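Mapping to numbering that gives the first Met the number 0: the sequence shown position 86 is 85, numbers consecutive. Backbone N, C-alpha and C fix where the C-beta goes; we use that ideal spot for every residue, glycine too. Just so you know, these numbers come straight off a predicted model, no measurement behind them.
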Amino acid sequence: MRIRDSGPDDHDALAVFLSARGLRRVARLGELVDPLEHPALIAEDSGRLAGVAGYLRGGERWELLTLHARERHAGVGTALVDELCHRAREAGAARLFVVTSNDNLDALRFYQRRGFRLVALHTGAVDRAREELKPEIPAVGEHGIPVRDELELELEP
């Protein structure tokens, strides 16, 4: 597997990849963000797109905006997070954070197993995002859990 920066030639493939996962627009922290307008790391396996990690550089605090792998449990997400941590650390960032919804138990497990810690609960943030920014956010998510809140996790890279 090879991890590399995304470039202009990757735009269409990333748009298809993210759209298939409902991530062409990401609502978090009270705003709607297009991941294609920000840097991303791409994981490739035999020349095929295996995963993507979109991120925002922010001085001392970088944000992992989106993380998705074509196949789960194959090490792609871990490799992307590790590379992003390396780059954030090299750039002098003291923290890498990610925001997810309260129903996303798989993401919560993934991030915490890699050292991320829960640092904030944004009560009702998903409810507001559904009303004001992205009406297609489902009211009920994974495992039948109502989707209401955002959880913020953070790691020292």
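Per DSSP, GLU82 is one residue of the alpha helix (DSSP H) stretching across 75-89.
With fewer than 16 other Cβ atoms inside 10 Å of its own Cβ, ARG3 counts as exposed. Excluding residues up to 5 positions away in sequence, LEU48 lie with their Cβ nearer than 8 Å to the Cβ of ALA12 in the same chain. Within the same chain, Cβ atoms closer than 7 Å to the Cβ of LEU79 are found at ILE2, LEU40, ALA42, GLY50, ALA52 and LEU66, the five residues on either side in sequence being excluded.
Secondary structure at PHE109: helix, using DSSP grouped into helix, strand and coil. The distance from the Cβ of ASP102 to that of HIS142 is about 7 Å, consistent with a contact at the 8 Å cut-off. Under a 10 Å Cβ-count criterion, HIS10 is classified as exposed, with fewer than 16 other Cβ atoms of the shown protein chains found around its own Cβ.
Check the Cα spacing between ALA68 and each of ALA106, ASP126 and ARG60: the tightest is with ALA106. Contact between CYS84 and PRO156 holds: CB atoms are separated by about 4 Å, below the 8 Å threshold. When rounded, the separation of the alpha-carbon atoms in ALA119 and ASP148 is 10 Å. The C-alpha of GLY123 is placed about 32 Å away from the C-alpha of ARG88.
In terms of Cβ geometry, LEU132 and LEU55 do not form a close pair [threshold 7 Å]. In this structure, LEU104 sits away from LEU152, with a CB-CB distance that is not shorter than 7 Å. Of all alpha-carbon atoms in LEU64, GLY46, HIS37 and ALA92, the one lying nearest the alpha-carbon of VAL98 is that of LEU64.
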